[in-house]
Each structure stands twice: as structure tokens, then as C-alpha cells.
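A short worksheet on the structure shown next.
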Amino acid sequence: MDDSIEARVFIPGAAEGELSGSNVALSFWGGVNAQTGTVIDTHHPLVGKSVAGKVLAIPSSRGSCSGSGVILELLLNGNQPSALIFAREEMILTLGVLIAEEMFQKSIPVLHVPMSSFNRLLQFEYVRISETQVTTATKSLESLIPALLPRPPLHQPDFSAIQLSPLDRELLNGSHGKAEQVAMRVILRTANIQGVTELIDVKQAHIDCCIYTGPATLEFAQTLCRWGAKVRIPTSLNSISIDRRLWRSQGVDPSLGEPSEKLAQAYVEMGAQPTFTCAPYLLDTAPEPGDHIMWAESNAVVFANSVLGARTIKCPDYLDVCVALTGRSLNTGCHLTENRKARIEIHLDLDVDSDDSLYPLLGYIAGDIAADSVPIITGLERKSVPTEDLKAFGAAFATTSSAPMFHIAGITIEARKLADIQAHLKDTARVTVSCSDLAKQWDRFNAFTESERRTQIDLVSLGNPHFSHEELVKLVQLCSQRQKCAKTALVVTCNRDTYGRAAKDGLINELEKFGAQIVTDTCWCMMQEPIIPPTSKTIMTNSAKYAHYGQGLTGRQIRFGGLAQCVDAACSGEVVNNMPSWLVNTNDV
1 MDDSIEARVF
11 IPGAAEGELS
21 GSNVALSFWG
31 GVNAQTGTVI
41 DTHHPLVGKS
51 VAGKVLAIPS
61 SRGSCSGSGV
71 ILELLLNGNQ
81 PSALIFAREE
91 MILTLGVLIA
101 EEMFQKSIPV
111 LHVPMSSFNR
121 LLQFEYVRIS
131 ETQVTTATKS
141 LESLIPALLP
151 RPPLHQPDFS
161 AIQLSPLDRE
171 LLNGSHGKAE
181 QVAMRVILRT
191 ANIQGVTELI
201 DVKQAHIDCC
211 IYTGPATLEF
221 AQTLCRWGAK
231 VRIPTSLNSI
241 SIDRRLWRSQ
251 GVDPSLGEPS
261 EKLAQAYVEM
271 GAQPTFTCAP
281 YLLDTAPEPG
291 DHIMWAESNA
301 VVFANSVLGA
311 RTIKCPDYLD
321 VCVALTGRSL
331 NTGCHLTENR
341 KARIEIHLDL
351 DVDSDDSLYP
361 LLGYIAGDIA
371 ADSVPIITGL
381 ERKSVPTEDL
391 KAFGAAFATT
401 SSAPMFHIAG
411 ITIEARKLAD
421 IQAHLKDTAR
431 VTVSCSDLAK
441 QWDRFNAFTE
451 SERRTQIDLV
461 SLGNPHFSHE
471 ELVKLVQLCS
481 QRQKCAKTAL
491 VVTCNRDTYG
501 RAAKDGLINE
511 LEKFGAQIVT
521 DTCWCMMQEP
531 IIPPTSKTIM
541 TNSAKYAHYG
551 QGLTGRQIRF
561 GGLAQCVDAA
571 CSGEVVNNMP
581 SWLVNTNDV
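Residue numbers 1 to 589, in our numbering, belong to the letters of the sequence shown in order.
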């Protein structure tokens, strides 16, 4: 039986075709191949299937802000979905389509339907989109409709509902140049989609779209440069796809190295600082509590909001640049106090001592439970949680969630006082995470077979997100008086400032004597051969973020453990079914 669903239109258009749908949110960065449209997230139900030419229906995007870049690549190389249908608020993929339309005259329809309608939609095989109507069918629409509707002209939005300052109007009419004009149009179109009527000034930006996903990423940046783009506010740059100073000596293929360097240089020419880090909260320029900022990079966003107490939306790639060029952002999301309140309590029921692997495991599970809701985590009140553990928790949380922040009762800045905790807990449902849940997630990351007791480890991956100085100190202590296995590589990523300080303190020398390789500028989500040895088959990491994305990005088997377990693996060259003792015998409880 056919059905018709009324939709809210984010970006108008007409489309029809086979439906590819899932009730699990999907990160396009690390989850979809930017050249082919094939789903590569090995943890997702659609893995192995192509979204090219399909009407893709998912609740929302999740994880990386760089999904905007992947959908832009697909739109420009012809392997894009024919339409996107969401059931929850979504801006990352929507923004990528918006950029394609504004700058490259390429577009697809993007729509939102209520969750009840979305669940009904997934039962069908074919979909036709016409204006606000989604028509479903159980057989090919070609037998029902003789021809596809023509694509509507470029959308001409109405910005009359948005309060504009004199500067906003100048930017919009092109008085400050074409780059700033297009940037303001993108900001205002985003405001229209989200129902935002007011813009605010922000103090700084962190640009994530300096990651090279393909020719479209570079064309976007170089086009802005040709238009004379210059940032108006202090702006830092995320990790890029190469170690900019050493990629040639590292043997990186010029087909990646050269465009990656050009992309980084384009943003430097716009006035951004060459910080090249996915952990801008470690820089001296980190924002203060209450500062309104615009950060992209998923782990940086949740850390800024949750740990630092700054205020930023989870900024899609390309919107970060638009805000940097104008200094203006949408007054919505976590900029507003009411949107920072917890909507769900996630209680950790754990009465045993744990190690550092607790935090990435818990963050990953909490993000999956929270989905797009801000959670408050209870059960850790008696623990001392250092910054590096909050960093690991946040990166894991941001991988599985689309929420822009979290609270941890008694720990994070807006949940330390009893009154604040009580306010967050008011009218929130509770979900309990047990030690058994943590053990099951550890098993999912490691996937040992019954007969498999030992796995050779070819590479130990550390620094996703970038290692801090404190983490390098701890790593040196764990490696002291030990010898690395000759067959196992140990590679650590950090930012240039951290590297410089660690070099002065003698840490880099100690790690290099142990046999570790220290890489700056890039990070593991972009790392490819030859830094990942071509002969390597299994990578071990202490990052739940990389445990999630790593197999799809590299084709290697991934193993997960705490930092001490990673060092043990680097020394022995193997892991022996390495579930930590505090989790053993709990996964059947």
C-alpha cells in the first residue's frame, strides 16, 4: 500500500528512487566513502551499501562535523544520494548540501519528517519527493510516474524574520566582498532552517574543514581565497591530513600531500593560525567559561561546552569558515542557557576500581544512549577525573551522539554544585549503565573469537584526540626501562605546541629512544600509509573514537585497551585477550 507523508523542507527539490534507510544515525565522515558513496562504518547496519542515487533516510547524522565535506564531495563527483530525509534536527549534512547549492549550483532535497512518519517510511522500498510531499511505494516508481519532476531553480530565501545589524546588512549586500557575502547568506539560510531570528558576536572560531576529503574541499577554500576572504576573529585550524613539515620525508603520496598542503595554506592565507590540532582546548587560546565561540570538530565542541563552560553549537564544516569570515553566529543551541540543561540521566552502576579505559567505554555508550539529548552522567561523583580522561570520554561521546555537550555530576563545570545537579536531574528519565554493559562494549571493540587467545599487534595508535603534555609524561613513565617489540610500531600524534614543550622537557627524546614516532599536524582519522605500515594488519588504540572509525578508514583490524595495555602490546607485540581485570566475569551478569 502506498503512502504520502507531509515533510518540513530544509532544502527544496524534487527526487525519486529506491529508499536506503536505517533507524541508526550515521556519520558521513569515517562512515561513508567520499569518492564512491559506499558506507564504510563497520558498526552501522548499512555497511557495504552505497548511498549513491538512493533516497537516504536516517534519523540524523552523528559524530564528525566533517560529514559536511563528505556530502559536498559526493555532490560534486556525482555519487550523492538523490535526497536526504531526517527525523531529528540535523545540520551537518544539510550544511554541506547548502554549500554545494550556494557555491557550485549543485543540490538535492533535504527534508525532515516526524519520527512516527519516519518509522513508517522505512517500511517502503521507493520514494518520490515533490515539494513538501514524500510519496512512498512498494514497487518502482517508474511504473507509477512517467518522468522525474524538473529540478527547481536555486532557492531564493527570505531573511525578513531575522534581526540584522548594520554590519550584517553590509556583509549580505556585498559591501565587504563576495566571500563575506556568500558566508552571510549561508549563515542566514542556516538560521532560517533552524528557526533562528537573531545573530550574535563570537570571540573565536576553530575551523575543521581544513581536512582534505577530496577536490571539492580544496575548491571551496581556494574559491574563497580568490574572492579575497579574510577572517574577522581569532581562528585556529584543526588537524590536517598530513604532517605539513615532514610528509615528504615520511613517504606520503604526493596525490594526498600536495592538495592537503594547498588546503592548509588556503586557510592560513585567510588569516587562520596554523595550529593544526583536533584538541584546541589544549592551546593557550582556549576560551573562558561563558565565552561565545564557534568551534567545529566533534570532540572539541563537546569539550568546550562541557568541560570549559564555553558556548558553541556543534558547528558543521564550512559554517565554521562562514562564521570566521563574519564574526557572527546563530543565537541557538548551546549559546542559550535553556538548551544546556540535561534531558536524560545516565547512571553508572560501578562498584569496582577501574582503569583509564572506563572513560572512552562509558563515553561511547553514553553517546549512543543520549542520541541528540544533553545527558548528565551520575555515579562518578566520588572519583577524581583528570582532564585526559574527560578528553577521552568526550571524544567517544561525540562519536556516537549528535548532542553538543554532556554533564558529569560533581565533575564538569556546570554540574559541580548540588543545586546545579538537582536542576539537571529534574524531570529527566534515568538509564543505568552497568559494568556488564561496559564489558560488552569492550567485547564489541575487540571481537575476539572463542579460539583466539593471542593477536599480533602491528601498530599502536595513540593521540586521538591529540595527546596532551600530561599524557606524554604518563606515556614516558609507562615506557621507562622497557623495550619496544621490533615488529610493532608505536605512533603518537600531538600538536606543535605540545611537541615543542615535550621536546624541551626531554620527553620526545625518551619516546624516540623507546622507538616511538611522534607526528604533528595530522591525526588518526586522516592517517594513511605509509605512516600506517602497509604490512600492518592489526592496530591497537586507547581511543574509542578510533576503535569506531579505524577499521572503516584503514581496512585494518582494531583492538582497544587502556594506555598501559597499549604499551604492553607495543613491548610484547601482541595482546592476550586483554579485557582488564575489573571487567572480567561481568559481561554475563
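By construction, the Cβ of each residue, glycine as well, lies at the ideal position given by its N, Cα and C atoms.
Since this is a predicted model, take the numbers as computed values, not measurements.
Contact between the stretch 408 to 415 and the stretch 311 to 325 (3+ Cβ pairs under 8 Å): no
For aspartate 356, the nearest candidate out of Val196, Lys474 and Gln105 (CA to CA): Position 356 of the sequence shown, counted from the first residue, corresponds to residue 356. Aspartate 356 has its Cα closest to that of Lys474, out of Val196, Lys474 and Gln105.
Of the residues Ala544, Ile58 and Leu167, the one placed nearest alanine 83, counting alpha carbons only: Counting from one through the sequence shown, the residue named residue 83 turns up at place 83. Answer by Cα proximity: Ile58.
Cβ contact (3+ pairs, closer than 8 Å) linking the stretch 250 to 257 and the stretch 289 to 297: Output reads no: the stretch 289 to 297 does not touch the stretch 250 to 257.
Straight-line gap, proline 152 to glutamate 258 (C-alpha atoms, nearest Å): As a first step, residue 152 must be located in the sequence shown, where it is residue number 152. As a first step, residue 258 must be located in the sequence shown, where it is residue number 258. Note that proline 152 scores a pLDDT of 49, beneath 50, so its modelled location is shaky; the value from the coordinates is reported in the next line. Taking C-alpha positions only, proline 152 is separated from glutamate 258 by approximately 38 Å.
Separation of glycine 69 from isoleucine 188, as counted between CA atoms: The sequence position of residue 188 within the sequence shown is 188, counting from 1. The sequence position of residue 69 within the sequence shown is 69, counting from 1. Checking the sequence, you will find leucine at residue 188 rather than isoleucine. It is roughly 20 Å from the alpha-carbon of leucine 188 to the alpha-carbon of glycine 69.
Secondary structure of phenylalanine 560, DSSP reduced to three states: Here residue 560 is taken as the residue at index 560 of the sequence shown, counted from 1. Note: phenylalanine 560 maps to strand in three-state DSSP.
Outcome for asparagine 79 when other beta-carbon atoms lying within 10 angstroms are tallied against a minimum of 16: Counting from 1 along the sequence shown, the entry for residue 79 is found at position 79. With 16 or more Cβ atoms within 10 Å of its Cβ, asparagine 79 is classed as buried.
Cβ neighbour criterion (16 or more within 10 Å) applied to leucine 418: Counted from its first residue, the sequence shown places residue 418 at position 418. Leucine 418 should be labelled exposed.
Enclosing alpha helix (DSSP H) for glutamate 261 [first to last residue]: Mapped onto the sequence shown, residue 261 falls at position 261. Per DSSP, glutamate 261 belongs to the alpha helix (DSSP H) from 254 to 269.
Between the CA atoms of glutamine 557 and alanine 286 - distance to the nearest angstrom: Taking the sequence shown and counting its residues from 1, one reaches residue 286 at position 286. Taking the sequence shown and counting its residues from 1, one reaches residue 557 at position 557. Answer to the nearest angstrom: the Cα atoms are 35 Å apart.
Leucine 462 vs valine 492 beta-carbon contact at 8 Å: Numbered from its first residue, the sequence shown carries residue 462 at position 462. Numbered from its first residue, the sequence shown carries residue 492 at position 492. Yes.
CB contact flag (alanine 205, isoleucine 233, <8 Å): What you label residue 205 is simply residue 205 of the sequence shown in a count that begins at 1. What you label residue 233 is simply residue 233 of the sequence shown in a count that begins at 1. In this structure, isoleucine 233 lies closer than 8 Å to alanine 205 by Cβ.
Cβ-based burial, glycine 63 [other Cβ within 10 Å; buried from 16]: Position 63 of the sequence shown, counted from the start, is the residue given in the question as residue 63. Counting Cβ neighbours within 10 Å, glycine 63 comes out buried, since at least 16 surround it.
Tyrosine 212, DSSP secondary structure in three states: Taking the sequence shown and counting its residues from 1, one reaches residue 212 at position 212. When secondary structure is reduced to three states using DSSP, tyrosine 212 falls in the coil class, being assigned neither helix nor strand.
Aspartate 443 in three-state terms, based on DSSP: For the purposes of this step, residue 443 is taken as residue 443 along the sequence shown, with counting starting at 1. It is helical.
Assigned exposure category for proline 150 - 16 Cβ within 10 Å defines buried: What you label residue 150 is simply residue 150 of the sequence shown in a count that begins at 1. Reliability fails at proline 150, whose pLDDT of 46 lies under 50, so the model's placement of it is uncertain and no value is given.
Extent of the continuous alpha helix (DSSP H) run through glutamate 338: One-based indexing of the sequence shown puts residue 338 at position 338. Where glutamate 338 is concerned, there is no enclosing alpha helix (DSSP H), given that its DSSP letter is neither H nor E.
C-beta atoms of asparagine 495 and threonine 522 nearer than 8 Å: Locating residue 495 in the sequence shown gives position 495, counting from the first residue. Locating residue 522 in the sequence shown gives position 522, counting from the first residue. Cβ distance not < 8 Å, so asparagine 495 and threonine 522 don't count as in contact.
Contact between the stretch 541 to 557 and the stretch 394 to 406 (3+ Cβ pairs under 8 Å): yes
DSSP bridge partner residues for histidine 424 (one or two, in chain order): If you number the sequence shown from 1, residue 424 lands on position 424. Partner(s): none; histidine 424 has no beta bridge.
contact_flag[the stretch 529 to 541, the stretch 454 to 469] where n(CB pairs < 8 Å) is 3 or more: yes
Coil, strand or helix - asparagine 192 by DSSP: Within the sequence shown, the letter at position 192 stands for residue 192. Helix, per DSSP.
Beta-carbon proximity list for serine 117, same chain, < 7 Å, skipping 5 on both sides: Within the sequence shown, residue 117 is the residue found at index 117, counting from 1. In the same chain as serine 117, and ignoring 5 residues on each side of it, the C-beta atoms closer than 7 Å to its own belong to Ile5, in chain order.
Proximity of threonine 277 and serine 239 at Cβ, strictly below 8 Å: Start at 1 with the first residue of the sequence shown, and residue 277 comes out as number 277. Start at 1 with the first residue of the sequence shown, and residue 239 comes out as number 239. For threonine 277 and serine 239, yes; Cβs fall inside 8 Å.
Those residues which DSSP pairs with leucine 462 across a bridge: Residue mapping note: residue 462 aligns to position 462 of the sequence shown, counting from 1. Paired residues: Val492.
First and last residue of the uninterrupted beta strand (DSSP E) at glycine 69: Taking the first residue of the sequence shown as position 1, residue 69 is located at position 69. Where glycine 69 is concerned, there is no enclosing beta strand (DSSP E), although the alpha helix (DSSP H) it sits in stretches over 67 to 77.
Three-state secondary structure assigned by DSSP to phenylalanine 621: Past the edges of the chain, shown from 1 to 589, lies residue 621, and the structure says nothing about it.
The alpha helix (DSSP H) enclosing glutamate 590, as first and last residue numbers: Look at the range of the chain in this structure, 1 to 589, and you will see that residue 590 is not part of it.
Threonine 94 - DSSP class collapsed to helix/strand/coil: Taking the first residue of the sequence shown as position 1, residue 94 is located at position 94. DSSP places threonine 94 in helix when its eight states are reduced to three.
Rounded straight-line distance, which links the Cα of serine 160 to that of asparagine 464: Counted from its first residue, the sequence shown places residue 464 at position 464. Counted from its first residue, the sequence shown places residue 160 at position 160. Rounded to whole angstroms, asparagine 464 to serine 160 spans 43 Å at the Cα level.
Spatial neighbours of leucine 224 in its chain, beta-carbon cut-off 6 Å, leaving aside the 5 residues before and after: The sequence position of residue 224 within the sequence shown is 224, counting from 1. Only Ala179 meet the Cβ criterion.
Residues near lysine 314 by beta carbon distance below 6 Å, same chain, minus five either side: Position 314 of the sequence shown holds residue 314. Once the five neighbours on either side are set aside, the close Cβ partners of lysine 314 are Val301 and Pro404.
Beta carbon of aspartate 368 nearer than 8 Å to that of cysteine 209: Numbered from its first residue, the sequence shown carries residue 368 at position 368. Numbered from its first residue, the sequence shown carries residue 209 at position 209. In this structure, cysteine 209 does not lie closer than 8 Å to aspartate 368 by Cβ.
Option nearest glutamate 414 by Cα separation, candidates Gly290, Ser402 and Thr190: Taking the sequence shown and counting its residues from 1, one reaches residue 414 at position 414. If we check each option's Cα against that of glutamate 414, Gly290 comes out closest.
Cβ-Cβ distance between leucine 438 and leucine 361 below 8 Å: Counting from one through the sequence shown, the residue named residue 438 turns up at place 438. Counting from one through the sequence shown, the residue named residue 361 turns up at place 361. A contact, by the Cβ cut-off of 8 Å.
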